[in-house]
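One structure is given below, encoded as structure tokens.
Number of protein chains: 2
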Amino acid sequence: MTTRWLTPEEQRAWRAYIAASLLLEDAIDRQLQQDAGMPHLYYSILSVLSESPERRLRMTDLAERLKITRSRLTYAVTRLEKDGMVRREACRHDKRGSIAALTDDGFAVLDRAAPGHVETVRSFLFDRLSKEQVGQLEEISTAIAQGLQEDGTRPASDDVPWRRRSSTACS
Amino acid sequence: MTTRWLTPEEQRAWRAYIAASLLLEDAIDRQLQQDAGMPHLYYSILSVLSESPERRLRMTDLAERLKITRSRLTYAVTRLEKDGMVRREACRHDKRGSIAALTDDGFAVLDRAAPGHVETVRSFLFDRLSKEQVGQLEEISTAIAQGLQEDGTRPASDDVPWRRRSSTACS
DNA sequence: TAGGTTTGTTTCAAACTTGAACCAAGCCTT
DNA sequence: AAGGCTTGGTTCAAGTTTGAAACAAACCTA
Numbered sequence: 006m007t008t009r010w011l012t013p014e015e016q017r018a019w020r021a022y023i024a025a026s027l028l029l030e031d032a033i034d035r036q037l038q039q040d041a042g043m044p045h046l047y048y049s050i051l052s053v054l055s056e057s058p059e060r061r062l063r064m065t066d067l068a069e070r071l072k073i074t075r076s077r078l079t080y081a082v083t084r085l086e087k088d089g090m091v092r093r094e095a096c097r098h099d100k101r102g103s104i105a106a107l108t109d110d111g112f113a114v115l116d117r118a119a120p121g122h123v124e125t126v127r128s129f130l131f132d133r134l135s136k137e138q139v140g141q142l143e144e145i146s147t148a149i150a151q152g153l154q155e156d157g158t159r160p161a162s163d164d165v166p167w168r169r170r171s172s173t174a175c176s
Numbered sequence: 006m007t008t009r010w011l012t013p014e015e016q017r018a019w020r021a022y023i024a025a026s027l028l029l030e031d032a033i034d035r036q037l038q039q040d041a042g043m044p045h046l047y048y049s050i051l052s053v054l055s056e057s058p059e060r061r062l063r064m065t066d067l068a069e070r071l072k073i074t075r076s077r078l079t080y081a082v083t084r085l086e087k088d089g090m091v092r093r094e095a096c097r098h099d100k101r102g103s104i105a106a107l108t109d110d111g112f113a114v115l116d117r118a119a120p121g122h123v124e125t126v127r128s129f130l131f132d133r134l135s136k137e138q139v140g141q142l143e144e145i146s147t148a149i150a151q152g153l154q155e156d157g158t159r160p161a162s163d164d165v166p167w168r169r170r171s172s173t174a175c176s
């Protein structure tokens, strides 16, 4: 079967997307490294934990939410634990399980860093987009993410499904 | 000044975007690692070189095109050179300069890998989007990238204009 | 209920990235 | 034409990511 090459429009979109995502992640990483001493992913871990029931989550659930591998998460949490932002706890119901819990220190750091982070996201992303574009971005992103999660996904965990709670920090 | 927190719409868009970009880069990296033995960035280096005059480009120009640091590029090119995909050449006009040139082997690898790569991009991205959405994605991405490049607040420095003069691949 | 499979997590080595420090060559200015 | 700044590129150490392998606990199923 012959390759369906990208059309010029697709090629432009693809290149623009690659450039934008690289630059944006870079800018955000730099800002957070500067102001919170950690890269974006690590901040996101704190953020997700802060919004979870009792500010704690099982490793697998956390990895699933963040769309990263368990291995990567293990490394990150180990660092965050060393820094006192997170504490590991045993899981009563399942002795294999490990739970990551946000410490008060971790929460404080998150709290302090959140405004700067939001400001960065805003100034580099949302300030550049119209209201319609924000909607479009969500739809596009959702479509892509959905497609990518359809088949190879990990088994769904039994407890703690998606639950929204109010919080100041965005991941 | 009080923080301008993200609206619910913005928060949804931001989270969807983060998830999508992580998953997409991941999928593409995995496919290319599998089929071409290199991550996406490395493939992109070959790709950019292949489209450049005489299939060669100065390191700085290459880094600029790819939106990555010189340091990162140096490492990548060193690996690619070790693998015989790229050759470093001296620059006549500027003895500081170093030129990365795509080898025939490198071109061959690119050629073999391209169809699979395009198919992956297509199936995970463009097959999920309408024609309008492709256009929207380009506009959104361009807006973001532009903002990030024009903004002087980025590379650790003070005065260097982000836009660099490009030197034609000399020689 | 023993044995095999699956699931949750960590470990390990190799690969990659980061940012600052460095070096050499070009570009002033005087 | 010397001193001093800037630019192009690499190097180095520390940090991060990857993927496969290792482990242990839970879950079958005969």
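Respectively, the protein sequence lines represent chains H and S.
Numbering-wise (the working numbering), the first sequence opens with residue 6 and increments by one.
Numbering-wise (the working numbering), the second sequence opens with residue 6 and increments by one.
Positions of the beta carbon are idealized from the N, C-alpha and C atoms, including for glycine.
Just so it is clear, the structure is predicted and the values come from calculations on it, not from any experiment.
Item: Nearest-angstrom Cβ-Cβ length linking Phe129 (chain H) and Glu15 (chain S), presumed shorter than 8 Å; Value: In fact, because the Cβ distance is near 13 Å, the residues do not count as touching under 8 Å.
Item: Length-filtered (3 minimum) beta strand (DSSP E) runs lying within the segment 71-133 of chain H; Value: 91-95, 103-107
Item: Chain-ordered neighbours of Ala150 (chain S) on chain H, where CB pairs are closer than 7 Å; Value: Ala21, Ala24, Ala25, Leu28
Item: Within 8 Å, strictly: CB atoms of Ala18 (chain S) and Glu143 (chain H); Value: yes
Item: Span separating the alpha-carbon of Leu11 (chain S) from that of Val139 (chain H); Value: 12 Å
Item: Euclidean distance between Cα positions of Ile33 (chain H) and Met6 (chain H); Value: 42 Å
Item: Members of the segment 76-88 of chain H that neighbour chain S once the beta carbon cut-off is set at 9 Å; Value: none
Item: Buried or exposed (CB count within 10 angstroms, at least 16 for buried), Thr125 (chain H); Value: buried
Item: Sufficient close CB pairs (3 or more, under 8 Å) joining the segment 107-116 of chain S to the segment 74-93 of chain S; Value: yes
Item: Minimum Cβ-Cβ distance from Lys100 (chain H) to chain S less than 8 Å; Value: no
Item: Neighbourhood of His122 (chain S) by C-beta, 8 Å cutoff - its chain only, sequence neighbours within 5 removed; Value: Ile33, Gln36, Leu37, Asp40, Ala41, Tyr48
Item: Residues in the segment 29-63 of chain H having any Cβ partner in chain S nearer than 7 Å; Value: Leu29, Ala32
Item: 8 Å Cβ cutoff, Ala105 (chain H) in contact with chain S; Value: no
Item: Given Ala106 (chain H) as reference, the closest of H:Gly152, H:Ser52, H:Glu137, H:Leu153 once Cα atoms are compared; Value: H:Ser52
Item: Under 7 Å from the C-beta of Arg17 (chain H): neighbouring residues of chain S; Value: Glu143
Item: Supposed close pair Leu153 (chain S), Leu28 (chain H) - CB separation, criterion 8 Å; Value: 4 Å
Item: Among H:Met64, H:Glu56, H:Leu54, H:Asp116, nearest to Tyr80 (chain H) - alpha-carbon criterion; Value: H:Met64
Item: CB contact check: Pro120 (chain H) to chain S, cutoff 8 Å; Value: yes
Item: Residues near Arg9 (chain S) in its chain [Cβ-Cβ closer than 7 Å; skip 5 each side]; Value: none
Item: Cutoff 8 Å: Thr2 (chain S) Cβ touching any chain H Cβ; Value: The structure shown does not extend to residue 2 (chain S), since chain S is modelled only from 6 through 176, so no value can be given for it.
Item: Ala21 (chain H) and Thr147 (chain S) closer than 8 Å at C-beta; Value: yes
Item: Continuous beta strand (DSSP E) stretch holding Arg17 (chain H): start and end; Value: Premise fails: Arg17 (chain H) lies in the alpha helix (DSSP H), 13-41, not in any beta strand (DSSP E).
Item: Contacts that Val139 (chain S) makes with chain H (C-beta to C-beta distance below 7 Å); Value: Glu14, Glu15, Ala18
Item: Nearest-angstrom Cα separation, counted from Thr74 (chain S) out to Pro44 (chain S); Value: 17 Å
Item: Where the beta strand (DSSP E) through Arg60 (chain H) begins and ends; Value: That residue, Arg60 (chain H), is in no beta strand (DSSP E); it is neither H nor E in DSSP.
Item: Secondary structure of Trp10 (chain S), DSSP reduced to three states; Value: coil
Item: Residue burial classification, Ala95 (chain S) (beta-carbon count within 10 angstroms, cutoff 16); Value: exposed
Item: Cβ of Val114 (chain H) within 8 Å of any chain S Cβ; Value: no
Item: Straight-line Cα distance separating Lys100 (chain H) from Pro160 (chain H); Value: Caution is warranted here: a pLDDT of 32 is assigned to Pro160 (chain H), below 50, making its placement in the model unreliable, and the coordinate value is therefore given only provisionally. Their backbone Cα atoms lie some 18 Å apart in a straight line.
Item: Contacting residues, own chain, Cβ-Cβ under 7 Å from Pro166 (chain H) (five flanking each side not counted); Value: In this predicted model, Pro166 (chain H) has a pLDDT of only 30, less than 50, meaning its place in the structure is not dependable enough to derive any value.
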